[in-house]
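Read through the structure below, which is laid out as structure tokens, and then see the notes.
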Amino acid sequence: MKRIKIKELLGMQPAGQQVLVQGWVRTFRNNQFISLNDGSTINNLQAVVALNSYDEATLKRITTGACLSVQGELIPSPAKGQTMELKVTALEILGDCDAEKYPLQPKKHSLEFLREIAHLRARTNTFGAVMRVRHAMAFAVHQFFNERGFFYIHTPIITGSDAEGAGAMFRVTTLDINKPPRDEQGHINFKDDFFGRETNLTVSGQLEVETYALALAETYTFGPTFRAENSNTTRHLAEFWMIEPEMAFYDINDNMDLAESFVKCLCRYALDHCAEDLEFLHKRAQEEEMTKPQDQRNELGLIDRLKFVAENEFQRLTYTEAFEILKNSTPNKKKKFQYLIEEWGADLQSEHERYLVEKHFKKPVILYNYPAAIKAFYMRLNEDGKTVAAMDVLFPGIGEIIGGSQREERYDNLVKRIQDMNLPEKDLWWYLDLRKFGSAPHSGFGLGFERLIQFVTGMTNIRDVIPFPRYPGNAEF
Ligand code: 4AD
Ligand code: MG
Numbered sequence: 023m024k025r026i027k028i029k030e031l032l033g034m035q036p037a038g039q040q041v042l043v044q045g046w047v048r049t050f051r052n053n054q055f056i057s058l059n060d061g062s063t064i065n066n067l068q069a070v071v072a073l074n075s076y077d078e079a080t081l082k083r084i085t086t087g088a089c090l091s092v093q094g095e096l097i098p099s100p101a102k103g104q105t106m107e108l109k110v111t112a113l114e115i116l117g118d119c120d121a122e123k124y125p126l127q128p129k130k131h132s133l134e135f136l137r138e139i140a141h142l143r144a145r146t147n148t149f150g151a152v153m154r155v156r157h158a159m160a161f162a163v164h165q166f167f168n169e170r171g172f173f174y175i176h177t178p179i180i181t182g183s184d185a186e187g188a189g190a191m192f193r194v195t196t197l198d199i200n201k202p203p204r205d206e207q208g209h210i211n212f213k214d215d216f217f218g219r220e221t222n223l224t225v226s227g228q229l230e231v232e233t234y235a236l237a238l239a240e241t242y243t244f245g246p247t248f249r250a251e252n253s254n255t256t257r258h259l260a261e262f263w264m265i266e267p268e269m270a271f272y273d274i275n276d277n278m279d280l281a282e283s284f285v286k287c288l289c290r291y292a293l294d295h296c297a298e299d300l301e302f303l304h305k306r307a308q309e310e311e312m313t314k315p316q317d318q319r320n321e322l323g324l325i326d327r328l329k330f331v332a333e334n335e336f337q338r339l340t341y342t343e344a345f346e347i348l349k350n351s352t353p354n355k356k357k358k359f360q361y362l363i364e365e366w367g368a369d370l371q372s373e374h375e376r377y378l379v380e381k382h383f384k385k386p387v388i389l390y391n392y393p394a395a396i397k398a399f400y401m402r403l404n405e406d407g408k409t410v411a412a413m414d415v416l417f418p419g420i421g422e423i424i425g426g427s428q429r430e431e432r433y434d435n436l437v438k439r440i441q442d443m444n445l446p447e448k449d450l451w452w453y454l455d456l457r458k459f460g461s462a463p464h465s466g467f468g469l470g471f472e473r474l475i476q477f478v479t480g481m482t483n484i485r486d487v488i489p490f491p492r493y494p495g496n497a498e499f
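Following our numbering, the numbering of the sequence shown begins with 23 at its first residue and continues without gaps.
Below is the structure:
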């Protein structure tokens with residue numbers, strides 16, 4: 023007999039049909055009622071074993087966490103709590119689970135504890151729901167771009183370029199770190215390294231995907247990126263996934279339009295395709311909210327927040343406009359901000375971004391035209407000579423979810439920027455070539471996939487939306 027998934031089975035009319043299901047025991051009550059989950063859905067199947075049909079020794083092996091294969095008749099349930107149940111006719115224990123030693127008990131565990139057993143946490147309702155939503159969002163990303171004629175480009179993970187020019191990279195080497203080869207001056211000789219040069223894990227696929235945008239016009243990359251920043255926050259990972267669309271013939275406004283419709287579509291997709299998991303996560307988040315002081319609670323629940331984003335226009339304003347609002351804001355005047363807003367040109371901190379989004383506008387915000395001095399070298403200089411066509415999308419509870427820009431397509435401007443910022447012009451020869459040979463206006467942005475998943479699932483810590491989080495001091499599993 024072929025295995026049927028519990029998700030499919032729960033959508034059927036129970037009429038005594040014979041089915042085979044396989045999954046893990048969540049609970050076993052009264053030596054009779056097995057609550058079985060196979061990961062296909064948040065919902066469990068109730069499998070009922072007739073009293074006295076199995077010997078004591080077998081029943082003892084049906085414990086929380088054990089893996090079972092059960093066959094039986096699907097019948098309407100006489101009891102409350104479920105519409106159907108499985109009347110077991112054959113039961114096999116595929117994998118025992120010692121209840122005394124199993125770290126996951128049928129009770130609430132803290133998220134901190136679950137991070138220590140990340141190899142087992144997928145078996146909890148919360149992580150099952152989060153990872154199903156994560157899958158759905160990855161699928162929706164590809165669907166969104168495929169429907170619009172964008173091409174998925176696999177940019178390299180090992181690279182010799184530092185896309186953001188910001189340092190903080192993980193080195194890739196096969197040199198013996200105890201006795202690296204040295205040149206006459208005593209410097210490490212990277213000519214002898216695997217690639218014959220210094221290399222690192224990529225911080226962004228942007229520069230490489232730009233080369234394809236200037237050939238295939240509408241492209242994107244979606245892959246892992248690595249940042250060796252020592253940030254221990256609820257929004258930073260050392261290894262995270264980023265979606266980076268890059269489009270020829272798009273200016274900054276086209277870029278903002280695409281970014282806005284992209285995240286709206288993703289929220290809509292989650293609402294339409296992940297209803298049961300979102301319902302569960304909504305309740306979970308609500309319980310968590312109750313533990314916070316009143317003034318820090320969200321006004322809207324998870325599902326309403328997703329609807330709000332999907333249905334309302336984002337607020338767009340320039341850095342300069344935001345600067346004025348912040349400068350004259352109550353927390354700035356009362357010196358409540360940790361970093362006071364005084365001089366035009368200062369970088370905005372997350373406290374300022376949150377003020378704009380959560381207090382002032384009460385909706386997602388797109389800030390654009392930032393001071394050139396605080397942004398990356400590849401961003402297009404505006405006519406005023408002091409701002410660049412950069413844009414950041416800011417979300418409630420998350421802060422920056424997207425960062426992007428129109429790119430500097432003018433050769434001379436780009437060279438000047440590279441020189442002014444003391445970047446290695448030599449290493450960027452191929453990037454400069456794009457501006458020499460058939461340059462085109464173009465734009466792109468990066469969406470942090472885990473920050474999106476945080477928003478969609480309502481999980482407050484980014485470490486809980488990726489299967490095995492990497493952060494300072496942790497690379498277990
Ligand atoms: O703003 P960032 O650094 O932009 C870039 O990397 C550009 N190359 C993107 C582009 O224009 N193609 O990063 C983009 C997004 C951020 O808005 C944030 O959502 C996410 O990536 N991000 C992180 N997510 C988790 N952990 C980190 N350490 C992150 N750093 C950035
Ligand atoms: Mg950024």
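By construction, the Cβ of each residue, glycine as well, lies at the ideal position given by its N, Cα and C atoms.
Predicted model only: the values in this text are computed from it and were never measured.
Asked, Found
"Best match in Phe-192, Ile-210 and Met-191 for proximity to Asn-200 [C-alpha to C-alpha]", "Ile-210"
"Span of the beta strand (DSSP E) around Arg-439", "That residue, Arg-439, is in no beta strand (DSSP E); its alpha helix (DSSP H) goes 433-442."
"Beta strand (DSSP E) segments (min. 3 residues) lying fully within the stretch 211-263", "221-223 and 240-248"
"For Phe-192, the three-state DSSP class (helix, strand or coil)", "coil"
"Nearest-angstrom beta carbon gap, Pro-463 and Phe-284 [assumed within contact, 8 Å]", "Not quite, the Cβ-Cβ distance comes to about 20 Å (not below 8 Å), so this is no contact."
"Cβ-heavy atom distance, Gly-425 to the ligand MG, below 6 Å", "yes"
"DSSP state of Trp-46 mapped onto helix, strand, coil", "strand"
"Exposure of Asp-442, with buried meaning 16 or more beta-carbon neighbours within 10 Å", "exposed"
"Ala-69 and Ile-84 closer than 7 Å at C-beta", "no"
"Residue of His-164, Ala-395 and Ser-351 minimising C-alpha distance to Arg-376", "Ser-351"
"Check whether Ala-412 and Tyr-392 have beta carbons under 7 Å apart", "yes"
"Boundaries of the alpha helix (DSSP H) in which Asp-294 is found, first to last residue", "274-295"
"Whether Glu-190 touches Glu-251 by CB criterion (7 Å)", "Reading off the sequence shown, one finds Ala at residue 190, where the question assumed Glu. Yes."
"Enclosing beta strand (DSSP E) for Asn-59 [first to last residue]", "55-59"
"Limits of the beta strand (DSSP E) - the one that His-464 falls within", "464-470"
"Distance cut-off 6 Å: Met-264 Cβ against heavy atoms of the ligand 4AD", "yes"
"Range of the contiguous beta strand (DSSP E) that encloses Pro-98", "89-98"
"Between the CA atoms of Phe-50 and Tyr-76 - distance to the nearest angstrom", "14 Å"
"Cα-Cα separation, Phe-228 to Lys-355", "In the sequence as presented, Phe is not what sits at residue 228; that position holds Gln. Approximately 39 Å between the Cα atoms of the pair."
"Euclidean distance between Cα positions of His-141 and Phe-135", "12 Å"
"Close-in-space but distant-in-sequence residues of the same chain around Met-312 (CB under 6 Å, 5 per side omitted)", "none"
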